[in-house]
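Following full-length UniProt numbering from start to finish, the sequence shown increments by one per residue and tops out at 284. Virtual Cβ for every residue (Gly too), placed ideally from N, Cα, C.
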Amino acid sequence: MIEKFFLLNGLLVVFILVGIFYLLLNESLPTFQEVSIVEFFSSTIWNPTGYHQQSYGIVSLVFSTIVVTVGSLIFSVPLGIACAAYLSEIAPPKAREVLKPTIEILAGIPSVVIGFLGIVLIGPMIARLFNLPNGLNVINGSVLLGIMALPTIISISEDAINAVPDDYKKASLALGATEWQTLVKVTIPAALSGIIAAVMLGMGRAIGETMAVLMATGNAPAFPKSIFSAVRTLTATIGIELGEVAYNTTHYYSLFAVGLVLFVMTFLINIVSDWVLNKYEEAE
Numbered sequence: 001m002i003e004k005f006f007l008l009n010g011l012l013v014v015f016i017l018v019g020i021f022y023l024l025l026n027e028s029l030p031t032f033q034e035v036s037i038v039e040f041f042s043s044t045i046w047n048p049t050g051y052h053q054q055s056y057g058i059v060s061l062v063f064s065t066i067v068v069t070v071g072s073l074i075f076s077v078p079l080g081i082a083c084a085a086y087l088s089e090i091a092p093p094k095a096r097e098v099l100k101p102t103i104e105i106l107a108g109i110p111s112v113v114i115g116f117l118g119i120v121l122i123g124p125m126i127a128r129l130f131n132l133p134n135g136l137n138v139i140n141g142s143v144l145l146g147i148m149a150l151p152t153i154i155s156i157s158e159d160a161i162n163a164v165p166d167d168y169k170k171a172s173l174a175l176g177a178t179e180w181q182t183l184v185k186v187t188i189p190a191a192l193s194g195i196i197a198a199v200m201l202g203m204g205r206a207i208g209e210t211m212a213v214l215m216a217t218g219n220a221p222a223f224p225k226s227i228f229s230a231v232r233t234l235t236a237t238i239g240i241e242l243g244e245v246a247y248n249t250t251h252y253y254s255l256f257a258v259g260l261v262l263f264v265m266t267f268l269i270n271i272v273s274d275w276v277l278n279k280y281e282e283a284e
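So this is what it looks like as structure tokens:
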């Protein structure tokens, strides 16, 4: 009975996932009765409420999402790996006892608070630094998403570094390498698969964030020309428009199509990270 109970729980999770996918797919299909699928995936103009002509192209939204997510990884990956290496290999026990709970608390900060900090703190700093009218742009969103992805990257990277056998480190030190050389050239490369999985999961965390990017990136549904451009991501588009759109309209169904695209993107990222983790465990 216990075995069947846990099997039921596992099947329930799969059922929920399939149900979400079916809901999004079922609500998305009416979009393409009115909108060309080629236009939807190739046009850069998103203007569902246009007076003369409505446009439903998601290229600018997808590209904005990718740009902000990649920017967040550029910010968070070096910092996250360095922090994980410090916690795992260098930090004294007392420092580790303080830093670990602090990082976990960072994961629990509501995204609306992070977005508020982006508006009142990071945005004005970016505007002054680059002499811009305002700081609501790609850089601001990238920094905020990087902060939100840090706990995931740090925690999983630290586990991967801790999983490296001590024999590797002792052998490196016995051959005359310093502790720094051992960390950089032996420990981190040995844990690279787990670190890559951490980065992929951090990317999934960043790409699905809504409130912070909604508040801090300027919400301009146009194709970004530079990292100083205001952008609107897929999640921000759904968050802004779904609450006010008329039910059973093309605009309504198109937002579900946007959600389906986002679901597929995050699903693929998680599948790849899970595959990398399994390969890492097989190698061990």
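Checklist entry - Under the three-state reduction of DSSP, which class applies to residue 55: helix, strand or coil? => result Three-state DSSP puts residue 55 in a strand.
Checklist entry - What are the complete beta strand (DSSP E) segments, minimum 3 residues, inside the region 14–44? => result For the beta strand (DSSP E) assignment, the region 14–44 encloses no uninterrupted run of at least 3 residues.
Checklist entry - Should residue 209 be labelled buried (16 or more other beta-carbon atoms within 10 Å of its own) or exposed? => result Under this definition residue 209 is a buried residue.
Checklist entry - Do three or more CB pairs link the region 209–220 to the region 179–191 at distances below 8 Å? => result The region 209–220 vs the region 179–191: no contact.
Checklist entry - Is it buried or exposed for residue 148, if we count other Cβ within 10 angstroms and need 16 for buried? => result Buried.
Next on the checklist: Within 8 Å, do at least three Cβ pairs link the region 76–96 to the region 107–115?
Outcome noted: With the cut-off at 8 Å, the region 107–115 and the region 76–96 do not touch.
Checklist entry - Considering only the beta carbon of each residue, do residue 160 and residue 103 sit closer than 7 Å? => result No. Outside cutoff.
Checklist entry - In the DSSP assignment, what residue or residues form a beta bridge with residue 218? => result BP columns for residue 218 point to 231.
Next on the checklist: For residue 97, report the span of its alpha helix (DSSP H) as first-last.
Outcome noted: Here the alpha helix (DSSP H) through residue 97 covers 93–107.
Checklist entry - Do you know whose CA, among 170, 155, 235, 178, lies nearest residue 197's CA? => result Comparing Cα positions, the closest option is 155.
Checklist entry - Cβ atoms of residue 254 and residue 56: under 7 Å apart, would you say? => result In this structure, residue 56 lies near residue 254, with their beta-carbon atoms less than 7 Å apart.
Checklist entry - Would a C-beta distance cut-off of 7 Å place residue 182 and residue 169 closer than the cut-off? => result It is a contact, given that the beta carbons lie within the stated cut-off.
Next on the checklist: My output table needs one value for residue 162: the three-state DSSP class, helix, strand or coil.
Outcome noted: In the three-state scheme derived from DSSP, where H, G and I count as helix and E and B as strand, residue 162 is classed as helix.
Checklist entry - Quick one, are the C-beta atoms of residue 261 and residue 200 less than 7 Å apart? => result Contact: no.
Item to check | Option in 267, 279, 258, 276 with minimal Cα separation from residue 14 | outcome: Checked all of 267, 279, 258, 276; the closest Cα to residue 14 is 267.
Item to check | Cβ contact (3+ pairs, closer than 8 Å) linking the region 58–77 and the region 226–246 | outcome: Short answer: they touch.
Next on the checklist: Strictly by DSSP, which residues pair up with residue 275?
Outcome noted: Looking at the DSSP assignment, residue 275 forms no beta bridge with any residue, so it has no partner.
Checklist entry - Near residue 242, which residues of its chain fall below 7 Å by C-beta distance, leaving aside the five closest residues on each side in sequence? => result The residues are 255.
Checklist entry - For residue 128, does the count of other Cβ atoms within 10 angstroms reach 16, so buried, or fall short, so exposed? => result Exposed: under 16 other Cβ atoms inside 10 Å.
Checklist entry - Does the region 116–124 come close enough to the region 38–55 that 3 or more CB-CB pairs lie under 8 Å? => result Three or more Cβ pairs closer than 8 Å define a contact, and the region 38–55 falls short of that threshold against the region 116–124.
Checklist entry - What does a CB cutoff of less than 7 Å around residue 24 pick up in its chain, not counting 5 residues either side in sequence? => result If we look at residue 24 and ignore the five residues flanking it on each side, its Cβ neighbours are 256, 259, 260, 263.
Checklist entry - According to DSSP, what are the bridge partners of residue 46? => result The partner list for residue 46 (beta bridge, DSSP) reads 56.
Checklist entry - Helix, strand or coil: which one does DSSP assign to residue 199? => result Of the three classes helix, strand and coil, the one that applies to residue 199 here is helix, per DSSP.
Checklist entry - Are the CB atoms of residue 142 and residue 204 nearer to each other than 7 Å? => result Against a cut-off of 7 Å, the Cβ pair of residue 204 and residue 142 comes out as no contact.
Item to check | Rounded separation between residue 74 and residue 202 - CA only | outcome: For residue 74 and residue 202, the gap between their C-alpha atoms comes out near 12 Å.
Checklist entry - Using a Cβ-Cβ cut-off of 7 Å (strictly less than) and excluding sequence neighbours within five positions of residue 27, which residues of its own chain qualify? => result The residues are 253, 256.
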